[in-house]
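Enquirer: Sharing a structure with you now.
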Ligand SMILES: Cc1cc2nc3c(=O)[nH]c(=O)nc-3n(C[C@H](O)[C@H](O)[C@H](O)COP(=O)(O)OP(=O)(O)OC[C@H]3O[C@@H](n4cnc5c(N)ncnc54)[C@H](O)[C@@H]3O)c2cc1C
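In full-length UniProt numbering, the protein residues as written are 1 to 430.
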């Protein structure tokens, strides 16, 4: 069970199958470091790892335990790219910066796999590709255009016929699809725990149960306060994403937190494993309110989708996921369900990740819009570049000032309404 979580969201497969790891003890008393990182998800831990690899003194402060947030709860899909296709990115950011953002996000899955190999992280990481199946002609045209745009940048994605999708996924629900060979999947909590162990082995410090409650200037640097300790740091990286709390109000108002929930089956029979995702690709379908799914190393089927902000809504949406599984894969029959859980991720209104300067020597990276496994890992390297003095213009991602989402206080009803509308549009034949 996920500690300190609402019961409806807490029964995580990953917590139940987590590797043993060193307990991250709280910060006690006063300590000093070069770079303080707030939050031990992929963003914070990858930043710390890249800094520790460069010999920079780094300390991570996590309110709960490493991987407690979205990083330890997600679909485990190592998806390449940004939410937007290459031409849109270039149109918005120009060939120089846009090109660097595309290269960073395109290579992000390889970076994850490389970190896993170099630090011998036991997290079932595989790279069989990522499938986006199409449910109608319009989404197939969108996938064809996506393949054309990446081909122009030298990345070959494979368009799939209906028969190929049926063979690879084991479902009759789609008319075609796109296989992106850059994608992979892993056990996300074990990846996070392995990152934390790797940081420690390189001399970095990772403290759990150390919620940062205040951040003040101290001399030329900063002082971070937790319940039992104080940390003086020259630079600060804020990596709290959708779990950003009240101690940094302006950052929270730049994000739209949404919830996603997942269910997992017991390991499937050998017969079902041969019929459902036999090559173990991860899948995100192209509906506006999509479902995402994959199988894991033990042959369980994991199915995820949008969550709600209240318990009743989440109970209903978890049941909907089980029904959707039976609709997509009637061959599963009366399958046994084993776990159901959820967590929060962050969106922005334009679906671009934010790298924000929050003050002199304080930076944050947030809002991966559902791509955080690969992209947050890659942003960790960008944040480490920033913390070691790379000029803002030379970073592989644009630095912006924090921009508050208009009418942020209305975000929950607005998101629910938008999801309802998207579901409706998915059901329409145009
Ligand atoms: C159910 C679900 C499914 C998803 N599926 C996928 C997927 O398949 N593929 C993909 O690429 N992305 C997926 N995502 C998104 C992805 O998980 C996130 O983008 C990514 O994990 C964000 O990492 P992070 O380190 O920025 O934030 P988080 O992992 O959320 O970490 C933030 C941490 O900050 C800590 N914190 C908050 N406030 C403080 C404080 N004051 N002091 C100290 N610590 C603090 C929190 O406790 C938390 O541990 C999914 C997300 C969810 C919730």
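Beta carbons are placed, not taken as given, at the ideal position from N, Cα and C, and that holds for glycine.
Fair warning: this is a prediction, and the values are worked out from it, not measured in the lab.
Where residue 184 and residue 155 are concerned, what is the direct C-alpha to C-alpha distance, given to the nearest angstrom?
Expert: Cα-Cα distance, rounded: 16 angstroms.
Enquirer: What are the residues that DSSP puts in a beta bridge with residue 64?
Expert: Answer is none; residue 64 lacks a bridge partner.
Enquirer: With a threshold of 7 angstroms on Cβ separation, who are the neighbours of residue 10 within its own chain once the five nearest residues in sequence on each side are excluded?
Expert: The residues are 1, 2, 341.
Enquirer: Taking all protein chains shown into account, do 16 or more other C-beta atoms lie within 10 angstroms of the C-beta of residue 23, making it buried, or fewer, making it exposed?
Expert: By the neighbour-count rule (16 or more Cβ atoms within 10 Å), residue 23 is not buried but exposed.
Enquirer: By DSSP's criteria, residue 185 is part of a beta bridge. Which residues make up the other side?
Expert: In DSSP, residue 185 forms a bridge with 77, 126.
Enquirer: Under 9 angstroms, do residue 17 and residue 239 count as touching if we go by C-beta distance?
Expert: No; because the gap between Cβ atoms is not below 9 angstroms, this pair is not in contact.
Enquirer: Is there at least one non-hydrogen atom of ligand 1 closer than 8 angstroms to the beta-carbon of residue 374?
Expert: Because some heavy atom of ligand 1 lies under 8 angstroms away, the Cβ of residue 374 counts as near it: yes.
Enquirer: Taking Cβ to Cβ, would you say residue 373 is nearer than 9 angstroms to residue 132?
Expert: No; because the gap between Cβ atoms is not below 9 angstroms, this pair is not in contact.
Enquirer: Assuming residue 276 contacts residue 295 under a Cβ cut-off of 8 angstroms, what Cβ separation, rounded to an integer in Å, is found between them?
Expert: Correct: roughly 7 angstroms between the Cβ atoms.
Enquirer: Just reading off the beta strand (DSSP E) that residue 33 is part of, what are its end residues?
Expert: Run containing residue 33: 29-38, per the beta strand (DSSP E) assignment.
Enquirer: Just to confirm, are residue 286 and residue 134 a CB contact at a threshold of 9 angstroms?
Expert: A contact, by the Cβ cut-off of 9 angstroms.
Enquirer: Under 8 angstroms by Cβ, that's how I've got residue 45 and residue 20 pegged, so tell me the actual separation to the nearest angstrom.
Expert: Residue 45 to residue 20, Cβ: 18 angstroms. No contact.
Enquirer: Use the C-beta contact count for residue 245: other C-beta atoms within 10 angstroms, 16 or more gives buried, fewer gives exposed.
Expert: That one is exposed.
Enquirer: Can you give the beta carbon distance from residue 438 to residue 355, rounded, assuming they're within the 8 angstroms contact cut?
Expert: Given that the chain is displayed from residue 1 to residue 430, the structure contains no residue 438 and the question cannot be resolved.
Enquirer: Let me know if residue 279 comes out buried or exposed under the rule of 16 or more other beta-carbons within 10 Å of its beta-carbon.
Expert: That one is exposed.
Enquirer: Within the continuous beta strand (DSSP E) that includes residue 257, where are the two ends?
Expert: Where residue 257 is concerned, the enclosing beta strand (DSSP E) stretches over 256-265.
Enquirer: According to DSSP, is residue 436 part of a helix, a strand, or is it coil?
Expert: Outside the displayed range of the chain (1 to 430) lies residue 436, so it cannot be described from this structure.
Enquirer: Among 364, 360, 247, whose alpha-carbon lies nearest the alpha-carbon of residue 226?
Expert: It is 247.
Enquirer: Under the assumption that residue 104 contacts residue 346 (Cβ atoms under 8 angstroms), give the Cβ distance between them as a whole number of angstroms.
Expert: Actually they do not touch by this definition, with Cβ atoms about 19 angstroms apart.
Enquirer: Applying the 10 Å Cβ sphere with the 16-neighbour rule, what's the burial state of residue 220?
Expert: Per the 10 Å Cβ criterion, exposed.
Enquirer: Would residue 188 and residue 14 qualify as a contact pair, given that the criterion is a beta-carbon distance under 9 angstroms?
Expert: Contact flag set, yes.
Enquirer: Just list the alpha helix (DSSP H) runs in the segment 264-320, keeping only unbroken ones of 4 residues or longer that don't cross its boundaries, in chain order.
Expert: The qualifying runs are 270-275.
Enquirer: Determine the direct distance from the alpha carbon of residue 53 to that of residue 421, and round the result to whole angstroms.
Expert: Confidence is the limiting factor: at residue 421 the pLDDT is only 43, short of 50, which leaves the residue's position unreliable, though a coordinate-based value still follows. If you take the alpha carbons of residue 421 and residue 53, they lie about 47 angstroms apart.
Enquirer: Determine the burial state of residue 7: buried for a count of at least 16 other Cβ atoms within 10 Å of its Cβ, exposed for fewer.
Expert: With fewer than 16 other Cβ atoms within 10 Å, it is exposed.
Enquirer: Closest by CA to residue 175, which one among 181, 359, 167, 162?
Expert: Nearest option by C-alpha distance: 162.
Enquirer: Alpha carbon to alpha carbon, what distance is there between residue 339 and residue 12?
Expert: Cα to Cα, the separation comes out at about 6 angstroms.
Enquirer: Is there a Cβ from chain E that is less than 9 angstroms from the Cβ of residue 158?
Expert: In the displayed structure, chain E is absent; only one protein chain is listed.
Enquirer: Say the cut is 8 angstroms; is the CB of residue 45 nearer than that to a heavy atom of ligand 1?
Expert: It does: the Cβ of residue 45 is within 8 angstroms (strictly closer) of some heavy atom of ligand 1.
Enquirer: By a C-beta neighbour count over all protein chains shown, 10 Å radius and 16 as the cutoff for buried, is residue 269 buried or exposed?
Expert: Exposed, by the Cβ-count rule.
Enquirer: Give a yes or no on contact between the segment 192-205 and the segment 77-88, applying the rule of three or more CB pairs nearer than 8 angstroms.
Expert: Contact between the segment 192-205 and the segment 77-88 is absent, because fewer than three Cβ pairs lie under 8 angstroms.
Enquirer: Need the endpoints of the beta strand (DSSP E) that residue 148 sits in, please.
Expert: No beta strand (DSSP E) contains residue 148, which is instead part of the alpha helix (DSSP H) from 137-151.
Enquirer: Straight-line CA distance for residue 26 to residue 351?
Expert: Each residue's alpha carbon lies about 35 angstroms from the other.
Enquirer: What's the call for residue 306, buried or exposed, on a 16-neighbour Cβ count within 10 Å?
Expert: Residue 306 comes out buried.
Enquirer: Measuring alpha carbon to alpha carbon, tell me which residue in 29, 74, 233 is nearest residue 344.
Expert: Measuring from the Cα of residue 344, the nearest candidate turns out to be 74.
Enquirer: Tell me the DSSP bridge mates of residue 132?
Expert: In DSSP, residue 132 forms a bridge with 178.
Enquirer: So for residue 400, helix, strand or coil by DSSP?
Expert: Strand.
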